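S.K.: In our numbering, the protein residues as written are 188 to 708.
This is how it looks when you write it as structure tokens:
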């Protein structure tokens, strides 16, 4: 089961592998991406399917069924996929994202709407479709399709006009362009790159360094270190697939960072944790520090890959719906409108596996609490709830669909429990002496706002800091730690109780479905 999950995730969420063709493969796709992205993801499905692990575990089998069940995130028709987004790095939320893929068959907008709903459209003389999930699909050529979220028709029109404005168009920043070039030339299976240039000031970083546990007791010039860290150019995650999966995390700087060699790994892990993107595998990775780069390398598991790529919404499938007559002939029922029991059993089983995969990942996160704040961890609960809501339900048992709705609702309750812990922490911090050293900026969904500087984001929650140079530099660290520990424990306890209820419901629905369909769920 574990290998199957790894296979399906690899085939889906991280498909970048050996490029058997030329350097122009991703270069042509990237030319079709929108401007002003700070994040890039590249997938090469051809290379993944040719890897020893894919051949051994037969990833190629039943691609369409896996994709329909949500176990495969890259459409089976895609040979290569490029995703660009403008990401709020602090909150790890995309302001917009777009994907472009080259396909094995010509994209048809009517087929897309038949499978996913929505309406066909024409924008700037290009065939398009707007889907119910707030996305636009665009046909750029005979084998190239693009997808943009949100479905802003004017923004999509600008995107299309830009793509056809020049043949040698280069929409990426220099850092992201280097990542694309690296994927093309070095045969790296998966690339995720973020351009971080000018993200944080030395003053902000200097204040944060003084609070970091990884630097306590270390002989470090914090002023010099803050200056060096503020010169960060970007971070790139590369994933390779042979008979196993390995990854490398590279952080690039403009300034000399070699002085951090003795504590670089601990510093990186604490920083990743504070932003909610810590993976358990990172703890075992080896670190190398050069003059202007830090590099971590090690093995990757399916749960870590899933966590990383859950930040991105994958494009819809382009496969036509099954022919109604073939479905009817396969059915043993005299009622042509009644689904084939075997088809429903398989669809329901795959649907349950998808839900259980997400639940198990969050259970593991609950046990380790790798993100250092409940507000940041709540982001994953919201994202996983949304992914469950978005799973295809065609031919799925209605009782299983009801169970999924209850699970996604419970995950949002867990999200709210941890989000409330952050709000209570903020309230208590504001009553501390010299609390305005940094103004805690909270962001919450559903119209709820916390802190003196607020904004809302769809369904997710986190907090950031705004530097106040006129405030006192004194802060009661002991009291702050006590407040955070107390409120964090309350938030996690409430969320854990909800997850235990989900576990009980999961066991019950598994028993019911196994008895009903006489196959193991």
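Note that CB positions come from ideal geometry on N, CA and C, so glycine has one too. Values in this document were obtained by computation on a predicted structure and should not be read as measured data.
Could you check how far apart the C-beta atoms of residue 474 and residue 466 are, in whole angstroms? I think they sit under 8 Å.
M.R.: 14 Å between Cβ atoms; not a contact.
S.K.: Near residue 219, which residues of its chain fall below 7 Å by C-beta distance, leaving aside the five closest residues on each side in sequence?
M.R.: Excluding positions up to five away in sequence, the list reads 287, 327, 331, 333, 350.
S.K.: Going by other Cβ atoms of all chains shown within 10 Å of its Cβ, with 16 needed for buried, is residue 429 buried or exposed?
M.R.: Under this definition residue 429 is an exposed residue.
S.K.: Could you spell out where the beta strand (DSSP E) holding residue 279 opens and where it closes?
M.R.: Segment: none, residue 279 is in no beta strand (DSSP E) and carries neither H nor E.
S.K.: Going by the beta-carbon positions, is the gap between residue 230 and residue 261 smaller than 8 Å?
M.R.: Yes; because the gap between Cβ atoms is below 8 Å, this pair is in contact.
S.K.: Considering only the beta carbon of each residue, do residue 393 and residue 368 sit closer than 8 Å?
M.R.: Taking 8 Å as the Cβ cut-off, residue 393 and residue 368 do not qualify as a contacting pair.
S.K.: According to the Cβ coordinates, are residue 479 and residue 527 closer than 8 Å?
M.R.: Cβ atoms of residue 479 and residue 527: not closer than 8 Å.
S.K.: Can you round the beta-carbon distance between residue 534 and residue 583 to whole angstroms, since I take them to be within the 8 Å contact cut?
M.R.: Between residue 583 and residue 534 the Cβ distance is about 5 Å, and since that is below 8 Å, they are a contact.
S.K.: Label residue 634 either buried or exposed according to how many other C-beta atoms from any shown protein chain fall within 10 Å of its C-beta, with 16 as the threshold for buried.
M.R.: Per-residue confidence for residue 634 stands at a pLDDT of 32, beneath the threshold of 50, marking its modelled position as unreliable; no derived number is given.
S.K.: Looking only at C-alpha atoms, which of 373, 345, 383 sits nearest to residue 360?
M.R.: The residue with the shortest Cα to Cα distance from residue 360 is 383.
S.K.: In the DSSP assignment, the beta strand (DSSP E) including residue 161 goes from what residue to what residue?
M.R.: Because the chain here runs from 188 to 708, residue 161 falls outside it and cannot be looked at.
S.K.: What are the start and end residues of each continuous alpha helix (DSSP H) run of 4 or more residues lying completely inside the stretch 436-482, in chain order?
M.R.: Qualifying alpha helix (DSSP H) stretches, in chain order: 451-461.
S.K.: With distances taken between CB atoms, is the gap from residue 222 to residue 319 smaller than 8 Å?
M.R.: Contact: no.
S.K.: With C-beta atoms as the reference, is residue 273 less than 8 Å away from residue 281?
M.R.: It is a contact, given that the beta carbons lie within the stated cut-off.
S.K.: Would you mind sorting residue 702 into buried or exposed? The rule is 16 or more other CB atoms within 10 Å of its CB.
M.R.: Its Cβ having fewer than 16 others within 10 Å, residue 702 is exposed.
S.K.: Please classify residue 662: does DSSP put it in a helix, a strand, or coil?
M.R.: Since pLDDT at residue 662 reaches only 45, below the 50 mark, its modelled position is unreliable, and the value read off the structure follows with that caveat. In the structure shown, residue 662 sits in coil (DSSP, three-state: anything other than H, G, I, E or B).
S.K.: Under 8 Å between the Cβ atoms of residue 305 and residue 377?
M.R.: No.
S.K.: In the DSSP assignment, find the unbroken alpha helix (DSSP H) run with residue 708 in it and report its ends.
M.R.: Element bounds for residue 708: n/a, residue is neither H nor E.
S.K.: Taking the beta carbon of residue 321 as the centre, do at least 16 other beta carbons fall within 10 Å, making it buried, or is it exposed?
M.R.: So residue 321 ends up on the exposed side.
S.K.: Taking buried to mean at least 16 other C-beta atoms within 10 Å of its own C-beta, is residue 586 buried or exposed?
M.R.: Classification of residue 586: exposed, given that the 10 Å Cβ count is below 16.
S.K.: Starting from the C-beta of residue 170, find all residues in its chain whose C-beta is less than 7 Å away, skip the five residues before and the five after it, and write them out in chain order.
M.R.: This structure cannot settle anything about residue 170, because the visible part of the chain is limited to 188 through 708.
S.K.: Is it right to say residue 317 is buried, meaning 16 or more other beta carbons lie within 10 angstroms of its own, or is it exposed?
M.R.: The residue in question, residue 317, is buried, as its Cβ has 16 or more Cβ neighbours within 10 Å.
S.K.: Between 581, 576, 544, which has its C-alpha nearest residue 599's C-alpha?
M.R.: Nearest option by C-alpha distance: 576.
S.K.: Could you give the first and the last residue of the continuous beta strand (DSSP E) run that contains residue 335?
M.R.: From DSSP, the beta strand (DSSP E) with residue 335 extends over 331-336.
S.K.: Where residue 339 and residue 400 are concerned, what is the direct C-alpha to C-alpha distance, given to the nearest angstrom?
M.R.: If I take the Cα positions, the gap works out to 44 Å.
S.K.: Could you name each continuous alpha helix (DSSP H) segment of 4 residues or more that falls completely within the stretch 290-377, going from the start of the chain to the end?
M.R.: Counting only runs of 4 or more, we get 296-303, 340-350, 361-373.
S.K.: With the cut-off set at 8 Å, would you say residue 299 and residue 379 are in Cβ contact?
M.R.: No, they are not a contact pair.
S.K.: Am I right that residue 454 and residue 445 are in contact with their C-beta atoms under 8 Å? What's the rounded C-beta distance?
M.R.: Between residue 445 and residue 454 the Cβ distance is about 13 Å, and since that is not below 8 Å, they are no contact.
S.K.: Just confirm the distance between the C-beta atoms of residue 590 and residue 696, as a whole number of angstroms; I'd bet it's less than 8 Å.
M.R.: About 5 Å separates the two Cβ atoms, so the contact holds.
S.K.: I need the DSSP call for residue 399, collapsed to helix, strand or coil.
M.R.: Coil at residue 399, not helix or strand.
S.K.: To the nearest angstrom, report how far apart residue 309 and residue 323 are at their CA atoms.
M.R.: When rounded, the distance between both Cα atoms is 11 Å.
S.K.: Starting from residue 428 and walking both ways along the beta strand (DSSP E), at which residues does that stretch end?
M.R.: Looking at the DSSP string, the run of the beta strand (DSSP E) that includes residue 428 is 419-428.
S.K.: Give me whichever residues DSSP pairs with residue 432 in a beta bridge.
M.R.: Beta-bridge pairing links residue 432 to 428.
S.K.: Measure from the alpha carbon of residue 271 to the alpha carbon of each residue in 342, 228, 239, 292, then state which is nearest.
M.R.: Taking only the C-alpha atoms, the option nearest residue 271 is 228.
S.K.: Determine, using beta carbons only, whether residue 588 and residue 542 come nearer to each other than 8 Å.
M.R.: For residue 588 and residue 542, no; Cβs fall outside 8 Å.
S.K.: Under the rule that 16 or more other beta-carbon atoms within 10 Å means buried, what is residue 294, buried or exposed?
M.R.: Residue 294 comes out buried.
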